[in-house]
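Structure first, then comments.
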Amino acid sequence: MKNFEFYDKAEILKYTKIRRFETKLGECVEVLVGDKNWETELQQSQAKFVLFGIPEDIGVKANFGVGGAESVWQPFLRSFLNIQSNDFLIGDEILVLGHFNFGDLHQLIEANANDEEESINAYRHAVNAIDDAVEALVKVITAWGKIPIAIGGGHNNAYPMIKGSAKGLHKAGLIPLAQINCVNLDAHSDYRPAEGRHSGNGFRYAEEDGYLQKYCILGLHESYLPQNVWMDIVNNPFIDCITYEDIFIRQKRTFVQSLAEALDFMEDQPTGIELDLDS
Numbered sequence: 022m023k024n025f026e027f028y029d030k031a032e033i034l035k036y037t038k039i040r041r042f043e044t045k046l047g048e049c050v051e052v053l054v055g056d057k058n059w060e061t062e063l064q065q066s067q068a069k070f071v072l073f074g075i076p077e078d079i080g081v082k083a084n085f086g087v088g089g090a091e092s093v094w095q096p097f098l099r100s101f102l103n104i105q106s107n108d109f110l111i112g113d114e115i116l117v118l119g120h121f122n123f124g125d126l127h128q129l130i131e132a133n134a135n136d137e138e139e140s141i142n143a144y145r146h147a148v149n150a151i152d153d154a155v156e157a158l159v160k161v162i163t164a165w166g167k168i169p170i171a172i173g174g175g176h177n178n179a180y181p182m183i184k185g186s187a188k189g190l191h192k193a194g195l196i197p198l199a200q201i202n203c204v205n206l207d208a209h210s211d212y213r214p215a216e217g218r219h220s221g222n223g224f225r226y227a228e229e230d231g232y233l234q235k236y237c238i239l240g241l242h243e244s245y246l247p248q249n250v251w252m253d254i255v256n257n258p259f260i261d262c263i264t265y266e267d268i269f270i271r272q273k274r275t276f277v278q279s280l281a282e283a284l285d286f287m288e289d290q291p292t293g294i295e296l297d298l299d300s
């Protein structure tokens, strides 16, 4: 698989601190034996969850943002793989697949773009390539009845995660149409206009392309919400929005009540969850 680095057990143990009388997740998680027959190995795996990284800043920079999201994956691994494996979270339920590497795209743009406009256009074009790669992987994971967990990276990856999941679940015969719901715990809506792919419009593209059925934004900050996006949200019966201010400032509902509202809105249909670190 292009632009993907598969992990073996030795790679996992590099991040795992072994301690006597304890069992860490890194000692128990599954990995693939090799990358040549990875789809077959994935199908045969008993793991429920498939974890992988998308360490990239391309979508963020395509949205006029500041880089940094590409640095999250390795610190996450160092923390996650040293969590205790116990009855609450058993390591062998998780397969750590590896991570995408789009460094060549980033370097190519940085070396050849002449100005900001050219750079933005190039980054947005590159996001399309990332979309295709992530979608293809997620489709395979979900088609085999497993749950993908991606650590970003930018929120642009919500679109290929939704699209790949919808296609995979439909291929597996688990849903009648290639559509899923999503709850986004985020200070931003990520529902900006479809002006070219970037980290701020993944859910807009997923909806317009028919892969996102119902969408709930939980904890949205009102001060981050453009008026045109707000009008699109309130006029769309398939989108629910619960703002941070309504929960924690005006106290119209508790956070638990807000979660319950989001779950009710999903109507027990297959649902993806996005968690923003600034939420």
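In terms of the working numbering, the sequence shown opens at residue 22 and continues consecutively.
Glycine is no exception: its CB is placed at the ideal position from the N, C-alpha and C atoms.
Keep in mind the model is a prediction, meaning the values are calculated, not measured.
Item                                                                                                            : Value
Paired residues, beta bridge with Q105 - DSSP                                                                   : K45
Which of helix, strand or coil DSSP assigns to I75                                                              : strand
Beta carbon of H176 nearer than 7 angstroms to that of A83                                                      : no
Bounding residues of the beta strand (DSSP E) (the contiguous stretch that carries K235)                        : L233 to L241
Residue from V117, S140, T61 and D230 whose Cα sits closest to the Cα of W165                                   : T61
Touching by the beta-carbon criterion (3+ pairs, under 8 angstroms), the stretch 97-116 and the stretch 147-154 : no
Separation of I196 from T292, as counted between CA atoms                                                       : 12 angstroms
Anticipated Cβ contact below 8 angstroms, V117 with Y28, distance rounded                                       : 6 angstroms
Boundaries of the beta strand (DSSP E) in which N205 is found, first to last residue                            : I201 to L206
Where H127 falls: helix, strand or coil (DSSP)                                                                  : helix
Straight-line Cα distance separating Q200 from G89                                                              : 31 angstroms
Extent of the continuous alpha helix (DSSP H) to which D267 belongs                                             : Where D267 is concerned, there is no enclosing alpha helix (DSSP H), given that its DSSP letter is neither H nor E.
contact_flag[the stretch 179-189, the stretch 223-241] where n(CB pairs < 8 angstroms) is 3 or more             : yes
Beta-bridge partners of D253, as assigned by DSSP                                                               : Paired residue(s): none; D253 is not in a bridge.
Simplified DSSP assignment, three categories, for I151                                                          : helix
8 angstroms contact criterion, which G174 and P76 should meet: CB distance rounded                              : 6 angstroms
Delimiting residues of the beta strand (DSSP E) encompassing L116                                               : I115 to F121
Three CB pairs or more closer than 8 angstroms across the stretch 33-44 and the stretch 53-72                   : no
Three-state secondary structure assigned by DSSP to P197                                                        : coil
C-beta atoms of F276 and I263 nearer than 7 angstroms                                                           : no
Coil, strand or helix - G260 by DSSP                                                                            : This sequence places Ile at residue 260; Gly is not what is there. Note: I260 maps to strand in three-state DSSP.
Rounded C-alpha distance that separates K30 from D113                                                           : 13 angstroms
Assigned secondary structure, L158 (DSSP; H/G/I helix, E/B strand, else coil)                                   : helix
Option in D297, L63 and Q272 with minimal Cα separation from T163                                               : L63
Best match in D125, L280, F70 and V71 for proximity to A24 [C-alpha to C-alpha]                                 : This sequence places Asn at residue 24; Ala is not what is there. N24 has its Cα closest to that of D125, out of D125, L280, F70 and V71.
Distance CB(M182)-CB(V204) smaller than 7 angstroms                                                             : no
C237 to E243 span [Cα, whole Å]                                                                                 : 15 angstroms
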